[in-house]
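Residue numbers (the numbering used here): 447 to 1041.
The beta carbon of each residue, even a glycine, is placed where N, CA and C say it ideally should be.
Written out below as structure tokens is the structure these notes cover.
What follows is the structure, encoded as structure tokens:
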């Protein structure tokens, strides 16, 4: 079924740009083109209109833009939002009677923008979800599950589950509880917040660990995970630079491969010409030999007749002594001389033709040697320079992602350290309520159906050597396992691809069977890092993913930002291309702004 709402239009205004709008359909939307054209800004702008801190917004007034606008279409009317750069205020004008036209704020207040979005999603603002094993609750807000609707580049490439946000130690339970609410509207009100015996025993054990100098262990652990600490924005910038370098190297490799193919074709053609020339030379040699034989025969006749003129014929018979009558001799010299005059020019022509053939053969051999030498140089360029460079760049991207993951781990360790060193009040209260385990509440039917959907998607997109997969709801990874191999063990391009598949499967399942759907899915570059391999397998997978999205446009709105897209039939989808060229099409997101 179609989603209940969709993003209709996003546009930007300001003194330094023309009004820059991107319109969307309630289906598949693809914004593609070169780097540095503002494709990722579409995701950032959506986040900005959902209440992102203005200090974290990537677009600033140096671009000539000073205001972001967003229009959302719902079954009850349209909702238009307007937010100035650097401002926490969002002006909302609504024809949807459920939503009051008013000036809202990005942060908590009476008129919090969160209430607008929750109404659009059809979710009660008073919903609470459990955030830890002790059944402590927190409000369900847009920003607690926005990562499932808007998947930027740093999240699409992450090793961690795409479900998880980068938050405190309770964020995983809260996210699972949020998913359970979207599935069944389940709030687990039977669970009461507790600080009973089990918690007290746990706290006593922790204190014992502190006394046994386990803080030293935590300190050592923190050193192990410590890396260069980078903000998501810095990671995005560095990854974008590395991706551009990968694209450049990939383009050079494709160009070199094409040159080698052309050289191979030329070598084959030259060998055919060389074969024909050699055969012609052999024929000329045979003809030249025949001419030489004829010349020898004719010369023999002429020389013989000349010598016979000087021989005196006998006048008497040498046997009986009788007189002999001289006989009239027939002369062949004149005819032989004429034949010789005819053959000699033909022989010269044959010898000249042989010289021409020899020159052609020499040129063919020289060109073949040049082509073989150039082909060898290109092969060395591909195998010794470009391919190792691409691998090294991808390793740098993985290292950057590990830096973000390590930063999150270090934050958790520091929270645990603070917890361990903070005195706790001990109360003598008993509570036999079992700890809340979110993963125990996913029904067998949901697990089976969701796994079937994942298997169907990976079959349709022709995932490399695909046999089977399942989503591991029980482990802390809370992530997909393909062919018995955890997602984290795959390379960067495959991790991004699988994260995209999981996000798509979640949206499709909730749209078809959930109590609430997420409505829109925005993803940044789901196949970009997979493209680096350049193999037939990765090309098939990239094509398969986009063919799946084109085929399945009925589960909600999908907006994808991508550099290069496969050459397929995009019937029913909306494509917008940014050229990064001032004299060709649309340069980028902000019309009038060129970097």
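| Check | Outcome |
| --- | --- |
| Report yes or no: do the stretch 959–968 and the stretch 985–996 share at least 3 C-beta pairs separated by less than 8 Å? | no |
| For the stretch 896–903 against the stretch 592–601, do three or more pairs of beta-carbon atoms, one drawn from each stretch, fall closer than 8 Å, so that the two count as touching? | no |
| Starting from the C-beta of residue 956, find all residues in its chain whose C-beta is less than 8 Å away, skip the five residues before and the five after it, and write them out in chain order. | 628, 629, 962, 963, 964 |
| Taking the Cβ atom as the reference point for each residue, do residue 446 and residue 706 lie within a distance shorter than 8 Å? | A question about residue 446 goes unanswered here, because the residues of the chain that appear run from 447 up to 1041. |
| Sort out for me which residues DSSP pairs residue 479 with in a bridge. | 1024 |
| Per the DSSP calculation, residue 768 is bridged to which residue(s)? | DSSP output for residue 768 lists no bridge partner at all. |
| Looking only at C-alpha atoms, which of 622, 738, 766 sits nearest to residue 952? | 622 |
| For the beta strand (DSSP E) that contains residue 467, what are its first and last residues? | 466–469 |
| Assuming residue 490 is part of the alpha helix (DSSP H), what are its boundary residues? | 485–495 |
| Can you look up residue 1041 in the DSSP assignment and give me helix, strand or coil? | coil |
| Distance check for residue 881 and residue 570, CA to CA, integer angstroms please. | 26 Å |
| If you reduce the DSSP assignment to three classes, tell me which class residue 523 lands in. | strand |
| Measuring only the C-alpha atoms, how far is residue 547 from residue 519? | 15 Å |
| With respect to 7 Å, is the separation between the Cβ of residue 746 and the closest non-hydrogen atom of the ligand ATP below this value? | Although the ligand ATP was asked about, the structure shown includes no ligands whatsoever. |
| Residue 1032 by DSSP, collapsed to three states: which one? | strand |
| May I have a chain-ordered list of the beta strand (DSSP E) segments no shorter than 3 residues that lie completely inside the stretch 558–592? | 574–576, 583–585 |
| Excluding five sequence neighbours on each side, which residues of the same chain lie with their C-beta closer than 6 Å to the C-beta of residue 540? | 525, 547 |
| Between the Cα of residue 523 and those of 507, 566, 933, spot the shortest distance and give me the residue it belongs to. | 566 |
| Under 6 Å Cβ to Cβ from residue 521, same chain only, skipping five residues before and after it: list those, please. | 450 |
| In angstroms with no decimal places, state the Cα-to-Cα distance between residue 872 and residue 475. | With a pLDDT of 43 at residue 872, under the threshold of 50, the modelled position of that residue is not reliable, and the figure given next carries that caveat. About 56 Å. |
| Spatial neighbours of residue 922 within its chain, please: C-beta separation below 6 Å, excluding the five flanking residues on both sides. | none |
| Hey, could you find the ends of the alpha helix (DSSP H) residue 602 is sitting in? | 599–602 |
| Between the alpha carbons of residue 944 and residue 917, how many angstroms are there, rounded? | 11 Å |
| Taking DSSP's pairing of strands, which residues face residue 538 in a bridge? | 527, 548 |
| Could you say which of 832, 578, 836, 729 lies nearest to residue 624 if we only look at CA atoms? | 578 |
| Would the stretch 733–751 count as touching the stretch 782–802 if we require 3 or more Cβ pairs under 8 Å? | yes |
| What did DSSP end up calling residue 705 once you bin it into helix, strand or coil? | helix |
| Does the beta-carbon distance from residue 477 to residue 838 come in below 8 Å? | no |
| Beta-carbon within less than 8 Å of residue 869's beta-carbon, same chain only, minus the 5 sequence neighbours each way: which residues are those? | Since pLDDT at residue 869 reaches only 44, below the 50 mark, its modelled position is unreliable, and the value read off the structure follows with that caveat. So no residue of the chain qualifies. |
| Which residues mark the beginning and the end of the alpha helix (DSSP H) in which residue 985 is found? | 982–997 |
| With DSSP run on the structure shown, which of helix, strand or coil describes residue 420? | Residue 420 lies beyond the stretch modelled for the chain, which goes from 447 to 1041, so this question has no answer here. |
| Could you check if residue 640 is buried or exposed, using at least 16 other CB atoms within 10 Å of its CB as the buried criterion? | buried |
| Would you report the Cα separation of residue 793 and residue 828, rounded to the nearest angstrom? | 52 Å |
| At the level of alpha carbons, what is the spacing between residue 914 and residue 982? | 21 Å |
| Give the secondary structure of residue 692 by DSSP, where H, G and I count as helix, E and B as strand, and everything else as coil. | helix |
| Taking contact to mean 3 or more Cβ pairs, one atom from each stretch, closer than 8 Å, check whether the stretch 487–506 and the stretch 966–977 are in contact. | yes |
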